[in-house]
Amino acid sequence: MLLKKEKISKIVKILRKDYPDTKTALGYESAFQLLVAVILSAQCTDARVNMVTPVLFAKYPTPQKMAKANLEDIETIIKSTGFYHAKAKSIVTTAQILTEDFNGEVPDNMNDLLKLRGVARKTANVVLSDFFKKTEGVVVDTHVKRVSYRTGLTNNTAPVKVELDLMKKLPKQDWLWAGNAFVWHGRKVCDARKPKCSLCSITKICPKNGVKNSI
DNA sequence: CTCCCGATAT
DNA sequence: ATATCAGGAG
Numbered sequence: 001m002l003l004k005k006e007k008i009s010k011i012v013k014i015l016r017k018d019y020p021d022t023k024t025a026l027g028y029e030s031a032f033q034l035l036v037a038v039i040l041s042a043q044c045t046d047a048r049v050n051m052v053t054p055v056l057f058a059k060y061p062t063p064q065k066m067a068k069a070n071l072e073d074i075e076t077i078i079k080s081t082g083f084y085h086a087k088a089k090s091i092v093t094t095a096q097i098l099t100e101d102f103n104g105e106v107p108d109n110m111n112d113l114l115k116l117r118g119v120a121r122k123t124a125n126v127v128l129s130d131f132f133k134k135t136e137g138v139v140v141d142t143h144v145k146r147v148s149y150r151t152g153l154t155n156n157t158a159p160v161k162v163e164l165d166l167m168k169k170l171p172k173q174d175w176l177w178a179g180n181a182f183v184w185h186g187r188k189v190c191d192a193r194k195p196k197c198s199l200c201s202i203t204k205i206c207p208k209n210g211v212k213n214s215i
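Below you can see the structure in the form of structure tokens.
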């Protein structure tokens, strides 16, 4: 069941009060470091990523240095984030592409970001919104997907379709904010296993109120 | 669609 | 023991 426009704007209004100024919990000091941190955050908590990035960035702070890194050394450092073979290859290859094709700079547009290794729409949207303050879409991760589905903002589960639904239903000026706000709501309240509906400020207008299942 | 994969909560 | 964690490549 999809929600009507009025309910959607009501949900947005309430969540905006709960999460007025959200941003990523990932630690970084440059666009490159944010990009690497987001790649590492796949199927892994931000807290875990933040345990390894200080070590990683102390040794390989720039694309130039990361591009020459030894793969096994990277794997050792990032191992606890999971998927470490693929992630190590992704961040080193991405660093190489950045130094060779982008003058060592992280591109500020979706088209170029998608040329990097281990970077698809979700990662690109996080870098675009959190660092460049640009909005070419809505960040859709597992939390945004779940919150959007449960609240009736989408009937889809495929991330690309969820993103299209959100872009269609939310005014563009809310895109940047919504992605982060839904992530925080999904973490703190509307979590996958045991949603805290009794603590949720939109529980009364949520069609999935009380439904414990994930999607 | 499957595979990648360790840490943590339940 | 199992589900889940700011997904992406083949």
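Heads up: the first sequence begins at 1 in UniProt numbering, then just goes up one per residue.
For each residue, glycine too, the CB sits at the ideal point set by N, CA and C.
On the three-state DSSP scale, how would you describe residue i?
{"i": "Y149", "result": "helix"}
{"i": "residue 220", "result": "Residue 220 is absent from the model: the chain starts at 1 and stops at 215."}
{"i": "F131", "result": "coil"}
{"i": "C197", "result": "helix"}
{"i": "E29", "result": "coil"}
{"i": "F57", "result": "helix"}
{"i": "F182", "result": "helix"}
{"i": "Y84", "result": "helix"}
{"i": "Q96", "result": "helix"}
{"i": "V138", "result": "coil"}
{"i": "N109", "result": "coil"}
{"i": "Q43", "result": "coil"}
{"i": "A124", "result": "helix"}
{"i": "V144", "result": "helix"}
{"i": "I77", "result": "helix"}
{"i": "I8", "result": "helix"}
{"i": "F154", "result": "Note that residue 154 is Thr in the sequence shown, not Phe. Reduced to three states, the DSSP call for T154 is coil."}
{"i": "L116", "result": "coil"}
On the premise that residue j lies in contact with residue i, defined as a C-beta separation below 8 angstroms, what is that separation, rounded to the nearest angstrom?
{"i": "W184", "j": "T22", "result": "5 angstroms"}
{"i": "G179", "j": "S129", "result": "6 angstroms"}
{"i": "A206", "j": "T151", "result": "It should be pointed out that residue 206 corresponds to Cys in this sequence rather than to Ala. Contact holds; Cβ gap of about 5 angstroms."}
{"i": "I77", "j": "V55", "result": "5 angstroms"}
{"i": "T99", "j": "A67", "result": "5 angstroms"}
{"i": "F182", "j": "V144", "result": "4 angstroms"}
{"i": "T142", "j": "K172", "result": "T142 to K172, Cβ: 24 angstroms. No contact."}
{"i": "R121", "j": "V160", "result": "7 angstroms"}
{"i": "I39", "j": "L153", "result": "Actually they are not in contact, since the Cβ atoms of I39 and L153 sit about 27 angstroms apart, beyond 8 angstroms."}
{"i": "A31", "j": "F131", "result": "5 angstroms"}
{"i": "L35", "j": "V106", "result": "6 angstroms"}
Is it right to say residue i is buried, meaning 16 or more other beta carbons lie within 10 angstroms of its own, or is it exposed?
{"i": "H85", "result": "exposed"}
{"i": "Q43", "result": "exposed"}
{"i": "P20", "result": "exposed"}
{"i": "E72", "result": "exposed"}
{"i": "N125", "result": "buried"}
{"i": "Q33", "result": "buried"}
{"i": "R193", "result": "exposed"}
{"i": "A88", "result": "buried"}
{"i": "A95", "result": "buried"}
{"i": "L114", "result": "exposed"}
{"i": "T15", "result": "Here residue 15 is Leu; the residue named in the question, Thr, does not match the sequence. Looking at its Cβ environment, which holds 16 or more other Cβ atoms inside 10 Å, L15 is buried."}
{"i": "K169", "result": "buried"}
{"i": "L199", "result": "exposed"}
Would you check if the stretch 13 to 27 and the stretch 92 to 112 touch, i.e. whether three or more CB-CB distances between them fall below 8 angstroms? Contact check between the stretch 92 to 112 and the stretch 13 to 27: fewer than three CB pairs, one atom from each, fall below 8 angstroms, which does not count as touching.
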